[in-house]
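What follows is a set of notes on a single structure, which appears directly below.
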Amino acid sequence: MQLFLDTASLADIERLAKLGVVDGVTTNPALLAREDGDPVAQLRAVARAVAGPVSAQVTHEGEKEMVAQGRALADVAPNVVVKIPAHRAGLAVAKTLAAERIDVNVTLAFDPAQLVAFARVPVAYISLIFGRTEDFGAGDRERIAMAKRILAQLGSPSKLLVASIRNPGHLCAAIEGGADVITVPPSTWDLVFDHPFTARGLEDFQRSWNALPEPRRRAYEALGEER
Ligand code: G3P
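Pasting the structure below:
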């Protein structure tokens with residue numbers, strides 16, 4: 003299983019790569035729009051900063067335009083994967099690009115049925131969007147395992163990428179559901195690494211420790227000082 007970072011921010015990539023959770027990156031137009039400057043230059047910089055795949059989404063709607071933009075995005079850097087929407091026109095685009103050996107990531111799939119035709123192309127990745135349905139109370143964790151079973155049943159090499167991971171619970175659900183790749187936004191990693199109960203527990207332990215008279219703490223605290 004691989005972990006991608008869902009961001010277009012170089013600062014976030016740098017700080018989270020140090021923690022070992024960045025096997026690749028996924029961007030989308032909204033994430034690129036959050037960054038300053040020219041989005042093409044930003045994508046190029048992100049692709050340079052990451053050894054693994056970096057997804058970049060087409061912004062056009064017409065089939066011809068999506069194909070042309072997809073080819074151009076793939077030319078930005080060798081590790082760019084072209085993101086195409088999981089709809090009718092997107093299928094035709096995915097077929098054309100995949101035939102040209104361009105890696106495609108099909109995005110905005112919500113129903114496992116949306117995977118079927120794309121899995122037969124086959125595309126490199128299919129992104130099942132998880133958190134956006136949970137926002138409306140329509141979350142169904144079983145969708146992840148079902149999507150994974152469908153890919154296996156079809157004998158498809160397409161990887162199941164679970165996206166829109168809003169919180170630590172979503173991350174665990176995606177792992178348990180058998181995702182091949184999970185793309186996690188920096189904000190979710192912040193919730194994982196800065197867990198308030200961990201901080202609270204440390205405060206409790208430290209308070210009890212500090213209540214000990216200093217002579218009793220001395221030897222324990224001096225451990226390792228001479229090494
Ligand atoms: O690009 C698809 C997915 O990563 C979007 O996540 O947080 O906008 O639902 P989010």
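For the sequence shown, our numbering gives the first residue as 3, with consecutive numbering after it. All C-beta atoms in this analysis are idealised placements derived from N, C-alpha and C, irrespective of residue type, glycine included. Keep in mind it's a predicted model, so treat the numbers as computed, not measured.
- According to the DSSP assignment, V78 belongs to the alpha helix (DSSP H) that extends over E65 to V78.
- Taking 7 Å as the cut-off, the C-beta of D8 counts as close to a heavy atom of the ligand G3P.
- A contact between stretches requires three or more CB pairs, one per stretch, nearer than 8 Å, and the stretch 159-167 meets this requirement with the stretch 125-143.
- Placement of the Cβ of R134 at a distance of less than 7 Å from at least one heavy atom of the ligand G3P is found.
- The ligand G3P approaches N30 closely enough that one of its heavy atoms is under 7 Å from the residue's Cβ.
- Relative to the ligand G3P, the nearest heavy atom lies less than 7 Å away from the CB of I131.
- Note on geometry: alpha-carbon atoms of F195 and R46 lie some 29 Å from one another.
- Going by DSSP, S57 is part of the beta strand (DSSP E) stretching over V56 to Q59.
- Taking the CA atoms as reference points, V60 sits about 27 Å from R17.
- Selection D25, E178, L173 and V108 evaluated against M148 yields E178 as nearest (Cα-Cα).
- Short note on T109: C-beta closer than 7 Å to some heavy atom of the ligand G3P.
- In the structure shown, the three-state DSSP call for A165 is strand.
- In the structure shown, the three-state DSSP call for L204 is helix.
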